[in-house]
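Structure first, commentary second.
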Amino acid sequence: MSATAGPDRIAIVGGGPVGLTAAWLLARRGVPVAVFEREETVLPDYRASTFHAGTMDLLDGTGIGEALLEMGIKCPTVQFRTWDRGIIAEFDHAALKDDTRHPYRLQCEQYKLCEWLHARLSETPGVALYYNHAVTGLNQDEDGVVLSADGPDGPVTLSARWLIGADGGRSTIRKTLGIGFPGFTFPERILVMGTTLDLRSVLPGLAFVNYVTDPKHYGHILRIPDLWRMSQPLFDGEDADEVLSDEGIETRLRRVIPDIALPDIRVRGIYTVHQRVADAYRKGRAFLAGDAAHLNNPKGGMGMNGGLHDVIDLTARLGRIWHGEAREDELEGYEPLRRREAMDDIHRQTQQNVSNLKEADADARAALFAEWRRKAADPEATRRMLLQSSMIASLRRCGMLPG
1184 MSATAGPDRI
1194 AIVGGGPVGL
1204 TAAWLLARRG
1214 VPVAVFEREE
1224 TVLPDYRAST
1234 FHAGTMDLLD
1244 GTGIGEALLE
1254 MGIKCPTVQF
1264 RTWDRGIIAE
1274 FDHAALKDDT
1284 RHPYRLQCEQ
1294 YKLCEWLHAR
1304 LSETPGVALY
1314 YNHAVTGLNQ
1324 DEDGVVLSAD
1334 GPDGPVTLSA
1344 RWLIGADGGR
1354 STIRKTLGIG
1364 FPGFTFPERI
1374 LVMGTTLDLR
1384 SVLPGLAFVN
1394 YVTDPKHYGH
1404 ILRIPDLWRM
1414 SQPLFDGEDA
1424 DEVLSDEGIE
1434 TRLRRVIPDI
1444 ALPDIRVRGI
1454 YTVHQRVADA
1464 YRKGRAFLAG
1474 DAAHLNNPKG
1484 GMGMNGGLHD
1494 VIDLTARLGR
1504 IWHGEAREDE
1514 LEGYEPLRRR
1524 EAMDDIHRQT
1534 QQNVSNLKEA
1544 DADARAALFA
1554 EWRRKAADPE
1564 ATRRMLLQSS
1574 MIASLRRCGM
1584 LPG
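The numbering used here puts the first residue of the sequence shown at 1184, with every later residue one more than the last.
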């Protein structure tokens, strides 16, 4: 395919939840879009599954929020636990009943949202989906960008007025733009398992969202629509293949649940965890969003949510400009607003979450447990804590939610 005659669309690179949400929101505003994704189709991906109350409020009326409510499960309570002593404290999102229309965490695997969006976008006029197309480069001038990609039928070139790079932590767009990605990689890798076993049968009183504090075996236990999902860190020197074997998983489970037999494991994977923020979210007519712009550890479920917040803000700006309702200088507000949330809220809170869960000092752990119990017993303290963890507070600070 040769270059199009004019930049009559917005190009999006990345077919994950952030990129497809951007495409959907722009298409709903009547903006033509072209989505490039290197994979042939939507792949099952269990990395992200949490949609926070603040995000659900932003998605009301877009079709996405309504679809998530049909596909996912509502999780009203969050527990902090230890493996051997059970519940330390429990927090109920009912404390947010006057702050949100969605006083719960909504759990739904990210790939289910991607499948829903892909199906709808495939039927939407003005949307072109280029799956199995790997982007190889881009050029831009003051009027637009020209994107190059390799597809199954050969090279493809497409022009667009703007470009959104939502192509993940290894973003080709970010690298092509020469934007730095400072930060660090956590020394420990994370094992994620998904089982059909109802873990409430071996861990009495378990909620649908649980954070387990332990100096070695910290992690989370989440209920998603079809499975229970657990995470634990790997130790130095552990072989990935051995850890992922049935024997390896059973050994790890018995370290924390001694009487458990190997359950039906449907998902198993090992992930490297990063904490990074791009030096810039924009260069010329190209923008970064989602993991291409920021990576963080998953404790708290804020990474995908932050990416959705990125494109909710950015597509609103682009839509207004596209239809002549705003000047292009409105785009100057995107980077400082969204980068500040990544740096000041998402990174700060997720780092603190990990530090709390892996705390090894006995006195510090006792003080932490006492603090959690104190907050759980105080309705206003519970509300303040959940305003932070649900991302309502950060969205209010950046003006995306009222209050």
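Glycine included, every Cβ here is placed at the ideal spot set by N, Cα and C.
In this text the structure is predicted, and so the values were computed from the model without any measurement.
Residue i bridges to which residues according to DSSP?
i	result
ASP1333	ALA1317 and PRO1338
HIS1403	TYR1394
SER1572	Its beta-bridge partners do not exist; DSSP assigns none.
PRO1416	ILE1373
LEU1346	ALA1194 and ALA1469
VAL1310	VAL1216
GLN1323	VAL1328
GLY1590	Any property of residue 1590 remains undetermined from this structure, which presents the chain solely from 1184 to 1586.
TRP1411	THR1378 and ARG1406
Which residue wins for smallest C-alpha separation from residue i, given the options the options?
i	options	result
GLY1309	ARG1468, ALA1277, LEU1208 and ALA1444	LEU1208
VAL1444	HIS1276, VAL1385 and VAL1456	The displayed chain sequence assigns Ala, not Val, to residue 1444. Minimum Cα distance to ALA1444 is reached at VAL1385.
ILE1448	GLY1431, ARG1438 and ASN1536	GLY1431
ARG1221	ARG1353, SER1573, GLN1262 and ALA1543	ARG1353
LEU1330	ILE1193, ARG1438 and GLU1518	ILE1193
ILE1440	ASP1191, GLY1490, GLY1377 and THR1265	THR1265
GLY1467	TYR1517, HIS1403 and PRO1481	TYR1517
LEU1321	SER1538, ASN1539, TYR1401 and LEU1360	LEU1360
SER1573	HIS1457, ARG1556 and ALA1277	ALA1277
GLY1377	GLU1249, ARG1500, PRO1398 and PRO1227	PRO1227
GLN1323	ARG1465, HIS1301 and HIS1530	ARG1465
PHE1369	VAL1395, ASP1419, ARG1357 and ASN1393	ASP1419
ASP1243	HIS1285, PHE1263, ILE1270 and ASP1267	HIS1285
ALA1236	GLN1571, ARG1580, LYS1541 and CYS1581	GLN1571
ARG1531	GLY1366, SER1414, ASP1429 and GLN1415	GLY1366
ARG1303	ALA1210, PHE1364 and PHE1552	ALA1210
LEU1380	TYR1401, GLY1363, ILE1373 and MET1413	MET1413
VAL1392	TRP1411, HIS1400 and TYR1401	TRP1411
HIS1492	LEU1520, ARG1566 and TYR1314	LEU1520
LEU1300	ILE1247, ALA1545 and ASP1267	ILE1247
GLU1421	LEU1497, ARG1372 and VAL1318	ARG1372
ILE1347	ALA1206, PHE1263, GLY1388 and GLY1363	ALA1206
LEU1551	PHE1263, VAL1214, GLU1249 and PRO1215	PHE1263
GLY1351	GLY1582, VAL1214, GLY1198 and ALA1564	GLY1198
HIS1400	ASN1315, LEU1417 and PRO1387	LEU1417
LEU1296	GLU1249, LEU1497, TYR1394 and GLY1388	GLU1249
GLY1363	VAL1460, THR1319 and ASP1326	VAL1460
VAL1450	ARG1437, ASP1429 and ALA1463	ASP1429
LEU1382	ASP1442, LYS1358 and ASP1326	ASP1442
ASN1480	LEU1436, ARG1500 and GLN1415	GLN1415
TYR1394	GLU1306, LYS1541 and GLY1582	LYS1541
Can the beta-carbon of residue i be found closer than 8 Å to that of residue j?
i	j	result
PHE1219	TRP1345	no
THR1283	ASN1488	no
ALA1390	THR1260	yes
LEU1289	ILE1495	no
VAL1375	TYR1294	no
LEU1584	LEU1578	yes
THR1434	MET1485	no
CYS1291	LEU1251	yes
HIS1403	LYS1280	no
ALA1217	ARG1556	no
ILE1529	HIS1477	yes
PRO1612	ALA1543	Given that the chain is displayed from residue 1184 to residue 1586, the structure contains no residue 1612 and the question cannot be resolved.
VAL1196	ILE1356	yes
ALA1343	VAL1328	yes
ARG1212	GLY1502	yes
THR1396	ASN1536	no
VAL1339	TYR1313	yes
GLY1490	GLY1388	no
PHE1274	THR1498	no
GLU1513	ILE1504	yes
Enumerated in chain order, which unbroken segments of the alpha helix (DSSP H) with a length of 4 residues or greater are wholly contained in the segment 1225–1307?
If only complete runs of 4 or more residues are kept, the segment 1225–1307 shows the alpha helix (DSSP H) at 1236–1242, 1247–1254 and 1293–1305, in order along the chain.
Contact between the segment 1223–1234 and the segment 1517–1537 is defined here as three or more beta-carbon pairs at a separation below 8 Å; is this criterion met?
With fewer than three CB-CB distances shorter than 8 Å, the segment 1223–1234 does not count as touching the segment 1517–1537.
Which complete alpha helix (DSSP H) runs does the segment 1429–1487 hold, if anything under 4 residues is left out?
Fully contained in the segment 1429–1487 are the following alpha helix (DSSP H) runs of length 4 or more, in chain order: 1429–1439.
Does the contact criterion of 3 or more C-beta pairs under 8 Å hold for the segment 1253–1265 versus the segment 1396–1409?
Yes, the segment 1253–1265 is in contact with the segment 1396–1409.
Report yes or no: do the segment 1553–1562 and the segment 1491–1510 share at least 3 C-beta pairs separated by less than 8 Å?
Touching, no, given that fewer than three Cβ pairs across the two stretches are closer than 8 Å.
Report yes or no: do the segment 1321–1337 and the segment 1412–1430 share at least 3 C-beta pairs separated by less than 8 Å?
The segment 1321–1337 vs the segment 1412–1430: no contact.
Could you tell me whether the segment 1193–1204 touches the segment 1459–1477, where touching means 3 or more Cβ pairs closer than 8 Å?
Yes, the segment 1193–1204 is in contact with the segment 1459–1477.
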